[in-house]
Amino acid sequence: MTIDQRDPMVPQRYRVQHIRNEIPDTFTLELVPEDGGDIPQFATGQFNMLYIFGVGEIPISISGDPARRKPLVHTTRAVGTVSRAMRELKPDDMIGVRGPFGSHWPIERAEGKDIVIAAGGIGLAPLRSVMYHVISHREKYGNAVLLYGARTPTDLLYRRELQHWRTHFDLDVYVTVDRATGSWRGSVGVVTQLISRAPFDPQNTVAMVCGPEIMMRFTAAELEKRGVATKDIYVSMERNMKCAVGLCGHCQFGPSFVCKDGPVFQYGQIKGLLTKWEV
Amino acid sequence: MQTLEPVLAEHPFFKGLKPEYLSLVTGCASNVRFEAGTYIFREGEDATRFYLLRQGKVALEIFAAQQGSITIETMEAGEVLGWSWLFPPYQWHFSGRVVEPTRAIALDGACLRAKGEEDHDLGYELMKRVSLILMERLQATRIRLLDIYGKSPGGKVTYPSR
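Taken in order, these protein sequences are the chains called A and L. When we follow the working numbering, the leftmost residue of the first sequence carries the number 121, and every step to the right adds one. When we follow the working numbering, the leftmost residue of the second sequence carries the number 2, and every step to the right adds one.
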């Protein structure tokens, strides 16, 4: 029997090239195809299903540069059975990969406009690919603003890159933490409070928001208050994704499947669903 | 002589205030600047003024014997520092430490309260504006109380791993 390698339900074998601890509980995996072949092209905001053989499979957003596909980069947090097993992987270990799946961030729609990237906690991972794209196509965008909030200074993801991005004179990077010790000289407060400080034209802005759902709701509300239309705000949703191709129904979200129609949604399309107890 | 009226008119706190009220408020205003590392006010002191920040960064702190100074929140340009001037006993509940060199407009609390008592329309307008800030700070505090980036007490992750 021959297996169709393009079948989205069949995982491809990848080898762990490198694993890096980012912050407590959070790590980055760099993967390369076992057969030395190409990594499928992906768009910013898409995700892969990563399979730990004998343990299980979970959806994880791609956090690498779409213009530099090798290695395939994923950052995730060790919180469940599969992600904890994933953290124990060593270089040269095997992992199954299906994907990429899902909708992507509207980087083309944002061209010619100001772009606001708002991330909370590990929500920066699915948005890092947008940062890479914006930096390498800087001339296509107006003001480029990153708003990033985390729990404490030690919970800031990609700290070295954040510092590097701050040195770009054409990027406005705002970082805040919920709690800080005496040595922290940055902002303290929730990420929504950064919105009023950021330089962008609300009438000509596309905003991309990723983080805990409550953070995304309040951030979107604050963006709306500043004058950004709901059609120009995009959020990345997370639900219990299993098949990743819209067949199993586990990730049904109102009339949509998060795996197939999302994870990136126009906020105006799902706003009403976010406060419903059951959808 | 140039007055602070146009500066006050541009600050988000007073934006849209009637010109006659702006003129009254300007009589209570003064231009101030603070160096990094200094304290604008300290916990327990009389809250005689509040500040409309124009530039810089100020940390609101509280002192705890075992932990030293804990930063509650930071304030930046366009924001308002302090509301203790409005409510008895008119004392600061927190300390205001200058993180980055700061320029601000200081407003005399007793002066503003007196003008608000004389003209209740002005007083009501001021209360509405202060209330809005209180509401925004309360909402921000509630979000922080949710600890959205952490784990719930039962160990369940309240935030997706993605």
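Quick reminder that beta carbons are idealized off the backbone N, C-alpha and C, glycines included. Computed from a predicted model, the values in this text were never measured in an experiment.
Listed along the chain, the chain L residues whose CB falls inside 7 Å of the CB of residue 316/A are 79. If you look at residue 76/L, you'll find it in the beta strand (DSSP E) that goes 69 to 77. For residue 320/A, not one C-beta of chain L is nearer than 8 Å to its own C-beta. For residue 118/L, the nearest beta carbon of chain A is not closer than 8 Å to its own beta carbon.
Nearest to residue 214/A by C-alpha distance, out of 395/A, 376/A and 149/A, is 149/A.
Following the DSSP letters along the chain, one finds residue 58/L inside the beta strand (DSSP E) bounded by residues 50 to 65.
Within the stretch 155 to 224 of chain A, complete beta strand (DSSP E) segments of at least 3 residues are found at 167 to 172, 176 to 181, 192 to 197 and 214 to 221, given in chain order.
The beta carbon of residue 198/A is closer than 8 Å to those of 145, 146, 147, 204, 206 and 207 in its chain, skipping five residues each way along the sequence. Within the stretch 264 to 291 of chain A, complete beta strand (DSSP E) segments of at least 3 residues are found at 264 to 270, given in chain order. By the CB criterion at 8 Å, residue 337/A and residue 394/A fall inside the cutoff. The residues 163, 164, 165, 166 and 384, in chain order, have a CB closer than 7 Å to that of residue 224/A in the same chain once the five nearest residues on each side in sequence are set aside. Just measuring C-alpha positions, the residue of 173/A, 188/A, 301/A and 391/A sitting nearest residue 250/A is 188/A. CA-CA distance, residue 134/L to residue 144/L, rounds to 15 Å. Taking C-beta atoms as the reference points, residue 139/A and residue 209/A count as a pair closer than 8 Å.
Contact between the stretch 227 to 247 of chain A and the stretch 180 to 194 of chain A is present, with at least three C-beta pairs closer than 8 Å. One Cα belongs to residue 195/A, the other to residue 331/A, and the distance between them is close to 14 Å. Residues of the stretch 134 to 145 of chain L whose Cβ lies closer than 7 Å to any Cβ of chain A, in chain order: 141, 144 and 145.
The beta-carbon of residue 74/L is placed less than 8 Å from the nearest beta-carbon of chain A. Between the alpha carbons of residue 114/L and residue 287/A lies a gap of roughly 45 Å. Straight across, the Cα-Cα distance linking residue 127/L with residue 382/A is about 45 Å.
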